[in-house]
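**Q** Below you will find the structure I want to go over with you.
Protein chains: 2
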Amino acid sequence: MSTKAYSIKDIAQKANVSITTVSFIINGKAVEKNISTAVIKRVEEIVKAVGYKPNQVARSLRTGSSKIIALIVEDISNPFFASIARLVEEKAYKRGYKIIYSSTENFPEKMTELINLFKSMQVDAYIISPVQGAEKDIQSLMNERKPVVLFDRYLPSLAANYVGVDHFKASYDATTHFASTYQKHIALVTIDLEVQQITDRQEGYKKALLAFDLPFREHLVLKVPFNQQKEETVEQLVGLFKEHKEIDAVLFATNYLAISGLSALKKMDKLVNDNFKVIAYDDGEVFKLHSPQISAVEQPVEEIAEKIVSLIFKQLNTTEVVAKEQVVLPAKLILR
Amino acid sequence: MSTKAYSIKDIAQKANVSITTVSFIINGKAVEKNISTAVIKRVEEIVKAVGYKPNQVARSLRTGSSKIIALIVEDISNPFFASIARLVEEKAYKRGYKIIYSSTENFPEKMTELINLFKSMQVDAYIISPVQGAEKDIQSLMNERKPVVLFDRYLPSLAANYVGVDHFKASYDATTHFASTYQKHIALVTIDLEVQQITDRQEGYKKALLAFDLPFREHLVLKVPFNQQKEETVEQLVGLFKEHKEIDAVLFATNYLAISGLSALKKMDKLVNDNFKVIAYDDGEVFKLHSPQISAVEQPVEEIAEKIVSLIFKQLNTTEVVAKEQVVLPAKLILR
DNA sequence: TTGAATAGCTAAAACGTTTTACCGAATATA
DNA sequence: TATATTCGGTAAAACGTTTTAGCTATTCAA
Chain G
0 MSTKAYSIKD IAQKANVSIT TVSFIINGKA VEKNISTAVI KRVEEIVKAV
50 GYKPNQVARS LRTGSSKIIA LIVEDISNPF FASIARLVEE KAYKRGYKII
100 YSSTENFPEK MTELINLFKS MQVDAYIISP VQGAEKDIQS LMNERKPVVL
150 FDRYLPSLAA NYVGVDHFKA SYDATTHFAS TYQKHIALVT IDLEVQQITD
200 RQEGYKKALL AFDLPFREHL VLKVPFNQQK EETVEQLVGL FKEHKEIDAV
250 LFATNYLAIS GLSALKKMDK LVNDNFKVIA YDDGEVFKLH SPQISAVEQP
300 VEEIAEKIVS LIFKQLNTTE VVAKEQVVLP AKLILR
Chain U
0 MSTKAYSIKD IAQKANVSIT TVSFIINGKA VEKNISTAVI KRVEEIVKAV
50 GYKPNQVARS LRTGSSKIIA LIVEDISNPF FASIARLVEE KAYKRGYKII
100 YSSTENFPEK MTELINLFKS MQVDAYIISP VQGAEKDIQS LMNERKPVVL
150 FDRYLPSLAA NYVGVDHFKA SYDATTHFAS TYQKHIALVT IDLEVQQITD
200 RQEGYKKALL AFDLPFREHL VLKVPFNQQK EETVEQLVGL FKEHKEIDAV
250 LFATNYLAIS GLSALKKMDK LVNDNFKVIA YDDGEVFKLH SPQISAVEQP
300 VEEIAEKIVS LIFKQLNTTE VVAKEQVVLP AKLILR
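Listed in order, the protein sequences are those of chains G and U. Residue numbering for the first sequence follows numbering that gives the first Met the number 0, starting at 0 and increasing by one per position. Residue numbering for the second sequence follows numbering that gives the first Met the number 0, starting at 0 and increasing by one per position.
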């Protein structure tokens, strides 16, 4: 029952032509190579009849191209990355490319390992949400002229293609919104990572306070440890809200921090209302269905994915070196 | 700058030995093949020094094995599938395998296309949440002795490995819970797909009603069209709840139906309470944070992933034909 | 001392393609 | 008519591995 797949040799034999001829035909070079229509037809019929598919591995070995794009993110199950993954996959598939993905969990060593692995698989291009410490590996890809697009995280030391979101403006706008409705004690809940996308959010918050002549109060900024369990974060937030009863607005710098925040409030029986406003980062059903509905900063996932893919294919479709682009898209503040 | 990767030939030259010897060494067959420790050491040092990684494509071509497992699901951005993807990836990675994934959007033709593509990539195993109409393609994989594990969806006509959840019992229990708290008019909101995992949920609902001497009322079962837009579903649900004010409990057969349901209730300003209970399918933050908290049927994602992976590797680690297993795991009813 | 076994290593085939270089016949060009 | 060009195709190398079969020199057993 275990029927071995047909090879190009089998097709050539059946059609009574050479392997070369079959190769030309299945690669659409038949006319260019002066193959007669009779032979073309004969071969194509046999190919269809037996359902022959060229072995992609052999093809990759010979051509150096695998028609695979690697997608490396922190965690594929994070809704933001999952959405990007889905959109990128769809767009790449239409152009004949497949996605192979992996999660780094923010470990630079895993990043290194993955890049080496993908290199040995002759992957054609890389879409990476980078971790700090992986600069050398990413640079080595670019040295080998492999198309690379970074997204979400920015690595300032790397002259790479990048697609991201204007987090400074997003949190500036969010904070401004609070200030303009006369909230006086605006808290910021963020994480203790020193990566650009996170520090940008803090800067936006600070600058907006400044613009409204509100003092920046250190104790209203909570930086929760990156890998902390949710329960602990909730406790920490309960602590913050209890200790600083003057807080009348809070901006959460990530999706899951907002969720922990709402959990904390629920636990305290504290309501979100005009005396205590909340803005979350990355919109989701959770925030739409919450009572009351929660405002949120929404990242333009569709645009991000589109831009990533177009940058990749711009490089894939030419042998020339294309200028690197840094694209920063605006986020959208959804007020509810 | 574009430095070409080292090949086994380069290593052989540098070490002044044959390609064969290098191959034996990097594959851990050195002692078995009587290579002297001096040579082993020399080669290993060169390998490390230049950072040589065997070309996986050439390896695949020669051995027929790619160390890649395909994961084919309906939609990778669906939280259930995204979680499974993440867990499967992690477990496979530890055993030296990578995941390549794709979404079918429930189109059998895309499934066919994907399977052919993955065959031509010499993928080693397949994890599939199948669509109806793909039976032939899946069977062909099994005929070629490729390890295959189906999950989530069950295809009764196929004697395949399967990992799923006891949906009959889950909705039986959920409905029983309603009945035992004296809800009399229990509605079921489901989709119009005739796939086992969905019809099972209906059967569980029916049987539980029967057990409590409650009549099965056709008009309390709403089957929303599979690909319907969310807004329309919400309208339909508003209609249902308005028309049948006697409804005092509703079981939602999927995650997103429950979300649509909660949106509908919010729109109607109708509260979830003892006079109107709700149970959702697939737990999530949305339900924990909702006011009041929403009860939910939780699928054991971790166990599902573990079982899938263990079934895959059971097949991958032997040349013998292993008996197919159908594993049905219990869901957990989380009452809130 | 001889034959067999073992230690230490290698040449070459094979995996399934793509592509370069070339060939003979027919046709066009001068 | 002689020569160039086009037509219709093919042989063989190459991509980077793994693996089979075998080779020589040394050690061992008798």
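From the three backbone atoms N, C-alpha and C, an ideal C-beta is built for every residue, glycine too.
On the DSSP letters alone, give me the boundaries of the beta strand (DSSP E) that glycine 260 of chain U sits inside.
**A** Not the beta strand (DSSP E): glycine 260 of chain U falls in the alpha helix (DSSP H), residues 254-267.
**Q** Any beta carbon of chain U sitting closer than 8 Å to that of arginine 335 of chain G?
**A** No, no contact with chain U.
**Q** Is the distance from the Cβ of alanine 69 of chain G to the Cβ of tyrosine 125 of chain G below 8 Å?
**A** Yes, the pair counts as a contact, with Cβ atoms nearer than the cut-off.
**Q** For alanine 158 of chain G, return the contacting residues in chain U, with the cut-off set at a CB-CB distance below 9 Å.
**A** Neighbours of alanine 158 of chain G on chain U: none; closest Cβ ~13 Å, over 9 Å.
**Q** Just reading off the alpha helix (DSSP H) that tyrosine 92 of chain U is part of, what are its end residues?
**A** Start and end: 78-93.
**Q** Runs of 4 residues minimum, wholly inside the region 141-213 of chain U: which ones carry the alpha helix (DSSP H) assignment?
**A** Within the region 141-213 of chain U, the complete alpha helix (DSSP H) runs of at least 4 residues are 166-179 and 195-210.
**Q** Is it the case that the region 198-206 of chain G contacts the region 167-186 of chain G, given that we only count it when at least three CB pairs across the two stretches are under 8 Å?
**A** Yes, they touch.
**Q** Per DSSP, what kind of secondary structure is glutamine 121 of chain U in: helix, strand or coil?
**A** Glutamine 121 of chain U: coil per DSSP, three-state reduction.
**Q** Less than 7 Å between C-beta atoms, sequence neighbours within five positions excluded: which residues of the same chain meet that for valine 321 of chain G?
**A** Hits under 7 Å: Lys313 and Gln314.
**Q** Kindly list, in the order they appear in chain U, the residues whose Cβ is closer than 7 Å to that of asparagine 26 of chain G.
**A** Those do not exist, as asparagine 26 of chain G stays about 14 Å from chain U at its closest Cβ, beyond 7 Å.
**Q** How would you label leucine 209 of chain U, buried or exposed, when you count the other beta carbons within 10 angstroms and need 16 or more for buried?
**A** Exposed, by the Cβ-count rule.
**Q** Buried or exposed: which applies to threonine 20 of chain U, given that a residue is buried once 16 or more other Cβ atoms fall within 10 Å of its Cβ?
**A** Buried.
**Q** Take isoleucine 190 of chain G and list the residues in its own chain whose beta-carbon comes closer than 8 Å to its own, dropping the five residues that flank it on each side.
**A** Here the set comprises Ile197, Lys222, Val223, Pro224, Phe225, Ala252, Thr253 and Leu256.
**Q** Any C-beta of chain G within less than 9 Å: which residues of the region 117-138 of chain U qualify?
**A** Within the region 117-138 of chain U, the residues whose Cβ lies closer than 9 Å to some Cβ of chain G are Phe117, Lys118, Ser119, Met120 and Gln121, listed in chain order.
**Q** Quick check on the burial criterion: 16 or more other C-beta atoms within 10 angstroms. Buried or exposed for isoleucine 127 of chain G?
**A** Answer is buried; the Cβ neighbour count reaches 16.
**Q** Taking 8 Å as the threshold (C-beta atoms), are methionine 267 of chain U and valine 339 of chain U in contact?
**A** Coverage of chain U is limited to positions 0 through 335, which leaves residue 339 of chain U absent and any answer about it impossible.
**Q** Alpha carbon to alpha carbon, how far is glutamate 44 of chain U from lysine 13 of chain U? Give it in angstroms, no decimals.
**A** Computed Cα separation, rounded: 11 Å.
**Q** My understanding is that leucine 334 of chain U touches histidine 289 of chain U, with C-beta atoms under 8 Å, so please give their C-beta distance in whole angstroms.
**A** Wrong, their Cβ atoms sit about 14 Å apart, outside the cutoff.
**Q** Under 9 Å between beta-carbons, which chain G residues line up against lysine 323 of chain U? List them in chain order, please.
**A** Per Cβ cutoff of 9 Å: no residues; lysine 323 of chain U is ~15 Å from chain G at best.
**Q** How is phenylalanine 251 of chain G classed by DSSP in three states: helix, strand or coil?
**A** In the structure shown, phenylalanine 251 of chain G sits in a strand (DSSP, three-state: E or B).
**Q** Cα separation between lysine 97 of chain G and glycine 27 of chain U?
**A** Each residue's alpha carbon lies about 32 Å from the other.
**Q** At the 8 Å Cβ level, is isoleucine 7 of chain G part of the contact set with chain U, yes or no?
**A** Not an interface residue.
**Q** Give me the Cβ distance between isoleucine 39 of chain G and serine 22 of chain G, rounded to the nearest whole Å; I'm assuming they're in contact under 8 Å.
**A** Not really, about 13 Å apart at Cβ, beyond 8 Å.
**Q** Starting from leucine 270 of chain U, trace the alpha helix (DSSP H) both ways and give me its first and last residue.
**A** Element bounds for leucine 270 of chain U: n/a, residue is neither H nor E.
**Q** Drop a sphere of 10 angstroms on the beta-carbon of asparagine 274 of chain G, count the other beta-carbons inside from all chains shown, and report buried for 16 or more, exposed for fewer.
**A** Exposed.
**Q** Consider the Cβ of serine 82 of chain G: report whether some Cβ of chain U lies at a distance smaller than 8 Å.
**A** Closer than 8 Å: yes.
**Q** In the DSSP assignment, the alpha helix (DSSP H) including glutamate 234 of chain G goes from what residue to what residue?
**A** That run of the alpha helix (DSSP H) goes 229-242.
**Q** Alpha carbon to alpha carbon, how far is leucine 270 of chain U from arginine 216 of chain U? Give it in angstroms, no decimals.
**A** Each residue's Cα considered, the two are about 23 Å apart.
**Q** DSSP three-state call for serine 35 of chain G: helix, strand or coil?
**A** Residue state, collapsed to three classes: coil.
**Q** For the putative contact between alanine 295 of chain U and aspartate 281 of chain U, defined by C-beta atoms under 8 Å, what is the C-beta separation to the nearest angstrom?
**A** About 7 Å; that satisfies the 8 Å criterion.
**Q** On the DSSP bridge assignment, give the partners of lysine 331 of chain G in chain order.
**A** For lysine 331 of chain G, which the question treats as bridged, DSSP gives the partners G:Glu297.
**Q** Would you please state the rounded distance, in angstroms, between the beta carbons of serine 65 of chain U and glutamine 121 of chain U? I believe it to be under 8 Å.
**A** About 5 Å separates the two Cβ atoms, so the contact holds.
**Q** Nearest to alanine 84 of chain G by alpha carbon, out of U:Ser17, U:Asp151, U:Tyr100 and U:Gln325?
**A** Ranking U:Ser17, U:Asp151, U:Tyr100 and U:Gln325 by Cα distance to alanine 84 of chain G puts U:Tyr100 first.
**Q** Who are the Cβ neighbours of valine 49 of chain G in its own chain at under 6 Å, not counting the five residues just before and after it?
**A** Answer for valine 49 of chain G: Tyr5, listed in chain order.
**Q** Does DSSP put valine 308 of chain G in a helix, a strand or coil?
**A** Here valine 308 of chain G sits in helix by DSSP.
**Q** Note the first and the last residue of the continuous beta strand (DSSP E) segment covering valine 223 of chain U.
**A** Where valine 223 of chain U is concerned, the enclosing beta strand (DSSP E) stretches over 220-223.
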